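Here is the structure we will look at.
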Amino acid sequence: MLQSRTHNCGELRIANAGEKVKIVGWMENVREVSASLAFVVVRDFYGTTQVVADTEALVKSFREINKESTILVEGVVRERSSKNPQQTTGDIEVVPEKLEVLGRCRYNELPFQINHSREADEATRLKYRYLDLRNPEVKNNIILRCNVVSALRKSMTDHGFLEITTPILTASSPEGARDYLVPARNHPGKFYALPQAPQQFKQILMTSGFDRYFQIAPCFRDEDARADRSPGEFYQLDMEMAFAGQDDVFSVLEDVLPPIFAQYGIYNTASAAPFKRIGFNESMELYGSDKPDLRIGLTLRDFTEIGASCGFGPFEGSIVKAVVVPEFTQTRKFIDQLCTDVEVQTGEKTFWFRLDENGELVGGISKFLAEKKDAVIAALDLKPGCFVGLAAGKKLTALKTAGVLRKMLGNSVEGLMDREKYEFCWIVDFPMYEMGEESGELEFCHNPFSMPNGGLEVLNKAESGEVDPLTITAFQYDLVCNGVELSSGAVRNHDPEIMVKAFELVGLGEAEVMAKFPAMYNAFCYGAPPHAGIAPGVDRMVMLLAGEDSIREVIPFPMNKNAQDVMMNAPSEVEDKQLKELHIKLVSE
RNA sequence: GGCCCAGUAGUUCAGUUGGUUAGAACGCCAGCCUGUCACGCUGGAGGUCGACGGUUCGAGCCCGUUCUGGGUCGCCA
0 MLQSRTHNCG ELRIANAGEK VKIVGWMENV REVSASLAFV VVRDFYGTTQ
50 VVADTEALVK SFREINKEST ILVEGVVRER SSKNPQQTTG DIEVVPEKLE
100 VLGRCRYNEL PFQINHSREA DEATRLKYRY LDLRNPEVKN NIILRCNVVS
150 ALRKSMTDHG FLEITTPILT ASSPEGARDY LVPARNHPGK FYALPQAPQQ
200 FKQILMTSGF DRYFQIAPCF RDEDARADRS PGEFYQLDME MAFAGQDDVF
250 SVLEDVLPPI FAQYGIYNTA SAAPFKRIGF NESMELYGSD KPDLRIGLTL
300 RDFTEIGASC GFGPFEGSIV KAVVVPEFTQ TRKFIDQLCT DVEVQTGEKT
350 FWFRLDENGE LVGGISKFLA EKKDAVIAAL DLKPGCFVGL AAGKKLTALK
400 TAGVLRKMLG NSVEGLMDRE KYEFCWIVDF PMYEMGEESG ELEFCHNPFS
450 MPNGGLEVLN KAESGEVDPL TITAFQYDLV CNGVELSSGA VRNHDPEIMV
500 KAFELVGLGE AEVMAKFPAM YNAFCYGAPP HAGIAPGVDR MVMLLAGEDS
550 IREVIPFPMN KNAQDVMMNA PSEVEDKQLK ELHIKLVSE
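If you count the first sequence from 1, position 546 lands on 545 in numbering that gives the first Met the number 0, and the numbers rise without skipping.
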């Protein structure tokens, strides 16, 4: 039977030469140099070690073992006669005295080559995730995730926060995302729901007197996936503070995150406290996004006045926003690709023209602007060599489209961004209400439980018509880093009176508050502390730190886009008996 | 649910204007090779071109439908 290894595959050095050792691991590769000389690479979690087979019999033994089998090699460490300085174990090799196969790999051909698994088809990678994870490049992201989570825990604990777990089986919440439901066996017709976030529990903890709470919390939302959004489940660094406001929350995260980003990220600088604060409206005007990448040195310009009257059809009656890139040298092909890419992402057309080196308006829609050349140059402050990208539509559409244009230009044109850093910012002063596009009535913009800026007074004024409710802002904030929305948070509305008033403005009242959030509302009626919190997404943070574009690269066992686990075959059908116990009858379509 | 892109050997891809027996690299198998480390050299096996239908003398290529995967919009308080 196997006795423990004496060393792992990453630790043997020249100083170990002469020692008798026992190593175990996966047989990664065999390089046969002759019938009586071969080099075998053994890999474990820690690294790789070279084993040398220098007799015909040994070469034959290794030959009979399929790659990726697990083996045990007992032997003597020897200095290599030709060293490899690129490997930490490159000075030595193990000369085997005993070889044992511990776990045979039955297949001589794998679904993909381990060290190239990242190039393989994603569906195949996910199906054989256990092989994919053998690839050090894949595995290292998971290790990074462990280290980051561990560092976050330590820092939060050091800041006086208690980690408290909250229920996974809980009640369905009527608003927000679609719930995952779990049928209750002992309560026919009733369901538990998996929490979309521990939101209500953490606020209730505040009313119970816990001063500083956090949790690496699993959250479940039955919504469609994106490259940066895992379907089904994800993790948040969920936190809440009692007797605290926006600045208190900001200063905790400004203290916790930058050192962790600088230590574990691919870039080793992160913005220092305090992070830049940008109002929601200002962010939309300047960057065309509520999650701006501040590393990109471009801001949007307004071009409505000239655009709307220049005779170019798509601009008539529209708001027009411009992105100006100085000293632009890209080709026409690049510009066409850019416009196509923006349209794919936004569904909106984009337009362009240039001011060439001779000071002439050329390309794109320039002929519509020729008559107003001087006004165009003045309005956009153009210099020869400038490229101007344009987006038009209703105000929000024009801003968002121009925002995508800005981001793509920043990412693809050399010299427009200082990429090698983490640039945080807070987006603050989100509107409390918005006009529903379908209903045409006033609705909550984000969650209804943020504290309105101005409290009861401003809500009363809105009710009496003194204040336009659309101008009321909430103590609601987002944390953004390099164009990625890491987190949403808020100062909560802990006052039942203000809460009811906030609901009354959208045509609801105490009955609805109590019906939708009974536990939290009742708890607030017994003396609640003012409190505030936030919940940065762990997966998103690790993605940024690892420099990955797909969230699946930082999740150990990710689901595919359609919320299926193709390795475990989930979701799957269940036995009739199980359904019967749960009082469920399947209806065929 | 809408839109965009992709699907050819185990893997990653190429495949010209529709025209003979569909190619390459890596991997796999066999042989050679005594210091490799992305070992090298020689040879070999391996294909329902996602599926179905259509156009055509002839389809990997053109058209239609459909399936699968990814991206995106909707959605994600």
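Note that the Cβ used here is the ideal one computed from N, Cα and C, for glycine as well.
Predicted model only: the values in this text are computed from it and were never measured.
Under 8 Å between C-beta atoms of residue i and residue j
i, j, result
"Gly287", "Ala401", "yes"
"Asp417", "Arg294", "yes"
"Val58", "Val20", "no"
"Val537", "Tyr234", "yes"
"Ser250", "Ala271", "no"
"Ala192", "Thr169", "yes"
"Pro110", "Leu130", "yes"
"Val322", "Leu395", "no"
"Glu580", "Arg184", "yes"
"Ile259", "Ala369", "no"
"Phe38", "Val51", "yes"
"Ser35", "Thr54", "yes"
"Gly482", "Asp292", "yes"
"Gln336", "Val490", "no"
"Phe219", "Pro529", "no"
"Glu511", "Asn140", "no"
"Glu484", "Tyr266", "no"
"Lys371", "Cys309", "yes"
"Val361", "Phe352", "yes"
"Glu114", "Asn134", "The question names Glu, but residue 114 in the sequence shown is Asn. Yes, these two residues count as a Cβ contact at 8 Å."
Spatial distance of residue i from residue j (CA atoms)
i, j, result
"Val100", "Ala534", "48 Å"
"Val319", "His158", "47 Å"
"Val181", "Lys66", "43 Å"
"Glu433", "Lys290", "19 Å"
"Trp425", "Arg12", "49 Å"
"Glu496", "Gly208", "21 Å"
"Gly231", "Lys560", "10 Å"
"Gly384", "Gln329", "11 Å"
"Glu347", "Ala390", "8 Å"
"Asn492", "Gln202", "10 Å"
"Ala397", "Val387", "14 Å"
"Phe613", "Leu143", "In this structure the chain extends from 0 to 588, so residue 613 is not present and cannot be described."
"Ala461", "Pro451", "12 Å"
"Gly546", "Phe44", "22 Å"
"Arg128", "Val23", "22 Å"
"Ala176", "Gly532", "20 Å"
"Ala527", "Arg539", "32 Å"
"Ile305", "Val565", "54 Å"
"Glu588", "Gly9", "Confidence in Glu588 is poor, its pLDDT being 47 and thus under 50, which makes the residue's placement unreliable; the coordinate value appears in the next sentence. When rounded, the distance between both Cα atoms is 57 Å."
"Ser487", "Pro217", "16 Å"
"Ile93", "Ser68", "First, the amino acid is wrong: residue 93 is Val here, not Ile. The straight-line gap from Cα to Cα measures roughly 18 Å."
"Met513", "Val343", "44 Å"
"Pro257", "Ser154", "11 Å"
"Thr206", "Gly188", "32 Å"
Contact test: residue i Cβ vs the ligand FAD heavy atom, cutoff 7 Å
i, result
"Ala176", "Summarising the ligand content, the structure contains no ligands, and the ligand FAD is consequently not present."
Three-state secondary structure assigned by DSSP to residue i
i, result
"Tyr106", "coil"
"Ile91", "strand"
"Pro182", "strand"
"Glu588", "Confidence at Glu588 is low in this model, with a pLDDT of 47, below 50, so its placement is unreliable and no value can be given for it."
"Ala224", "coil"
"Phe502", "helix"
"Asn139", "helix"
"Phe367", "helix"
"Pro257", "helix"
"Ile265", "coil"
"Arg177", "coil"
"Asp564", "strand"
"Thr69", "strand"
"Lys82", "coil"
"Leu360", "strand"
"Leu354", "strand"
"Arg4", "coil"
"Cys524", "coil"
"Ala212", "Strictly speaking, residue 212 in this sequence is Tyr, with Ala absent from that position. Tyr212 falls in the strand class under three-state DSSP."
Nearest-angstrom beta carbon gap, residue j and residue i [assumed within contact, 8 Å]
i, j, result
"Leu354", "Ile334", "With a Cβ gap of about 14 Å, Leu354 and Ile334 do not count as contacting."
"Glu96", "Glu73", "6 Å"
Restricting to runs no shorter than 4 residues, where is the alpha helix (DSSP H) found entirely within the region 6–67? Along the region 6–67, the alpha helix (DSSP H) occurs as fully enclosed runs of 4 or more residues at 55–62, listed in sequence order.
Taking only runs that begin and end inside the region 386–468, name each unbroken beta strand (DSSP E) of 3 or more residues, in chain order. Counting only runs of 3 or more, we get 423–427, 432–434, 441–443.
Write down every uninterrupted run of the beta strand (DSSP E) in the region 280–348 whose length is 3 residues or greater and which is fully enclosed by it, in chain order. For the beta strand (DSSP E) assignment, the uninterrupted runs of no fewer than 3 residues enclosed by the region 280–348 are, from N- to C-terminal side, 299–301, 318–324.
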